[in-house]
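Our numbering numbers the first residue of the sequence shown as 349 and each following residue consecutively.
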Amino acid sequence: MPRRDGVPELRLSYRLPFATGNLLAFLGRRAISGVELVTGGVYARSIRLPGHGPIVIGLAPDPVEPFVALRVTGLGGDATRLASVVRAARRLFDLDADPSSVDSVIAGDPV
Numbered sequence: 349m350p351r352r353d354g355v356p357e358l359r360l361s362y363r364l365p366f367a368t369g370n371l372l373a374f375l376g377r378r379a380i381s382g383v384e385l386v387t388g389g390v391y392a393r394s395i396r397l398p399g400h401g402p403i404v405i406g407l408a409p410d411p412v413e414p415f416v417a418l419r420v421t422g423l424g425g426d427a428t429r430l431a432s433v434v435r436a437a438r439r440l441f442d443l444d445a446d447p448s449s450v451d452s453v454i455a456g457d458p459v
């Protein structure tokens with residue numbers, strides 16, 4: 349859905365438990381200057397889509413509800429590419445993972 353500033357914002361859901369604060373801290377420590385930025389609870393990244401110039405995505409985990417707000421800048425009116433952006437954002441934050449399954453595997457690792 350477009351906001352008042354014309355930048356589309358979508359809500360991407362995920363399964364609980366999901367350590368969004370830890371994820372943002374991890375990404376912030378490893379941010380590539382000029383490509384990524386973590387500030388004010390938002391992860392922003394420049395990405396390229398095939399046949400399109402660079403766009404910027406912003407991912408902001410909601411502090412209460414299990415969703416991440418995705419804002420897309422630079423896509424213009426090209427809604428046909430929005431599905432590709434959503435897939436990239438979901439993959440980047442691993443939003444389709446089952447955290448409980450991941451946790452059980454990690455918990456069983458003696459290291």
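C-beta: ideal position from N, C-alpha, C; glycine also. Since this is a predicted model, take the numbers as computed values, not measurements.
> Taking buried to mean at least 16 other C-beta atoms within 10 Å of its own C-beta, is LEU364 buried or exposed?
Replying inline: One-based indexing of the sequence shown puts residue 364 at position 16. Label assigned to LEU364: exposed.
> Between the beta-carbon of LEU397 and the beta-carbon of ARG429, is there less than 8 Å?
Replying inline: Reading the sequence shown from its first residue, position 49 is the one you call residue 397. Reading the sequence shown from its first residue, position 81 is the one you call residue 429. Using a Cβ distance threshold of 8 Å, LEU397 and ARG429 count as a contacting pair.
> Who does PHE374 pair with in a DSSP beta bridge?
Replying inline: As a working note, residue 374 is residue 26 in the sequence shown. Per DSSP, none; premise fails for PHE374.
>> According to DSSP, is VAL412 part of a helix, a strand, or is it coil?
In response: In the sequence shown, residue 412 corresponds to position 64, counting from 1. Residue state, collapsed to three classes: coil.
>> Comparing C-alpha positions only, which one of SER432, GLY456 and GLU357 sits nearest to HIS400?
In response: Your numbering for residue 400 matches position 52 in the sequence shown. The residue with the shortest Cα to Cα distance from HIS400 is SER432.
> Taking DSSP as the reference, what is the three-state secondary structure of PRO365?
Replying inline: Position 17 of the sequence shown, counted from the first residue, corresponds to residue 365. In the structure shown, PRO365 sits in coil (DSSP, three-state: anything other than H, G, I, E or B).
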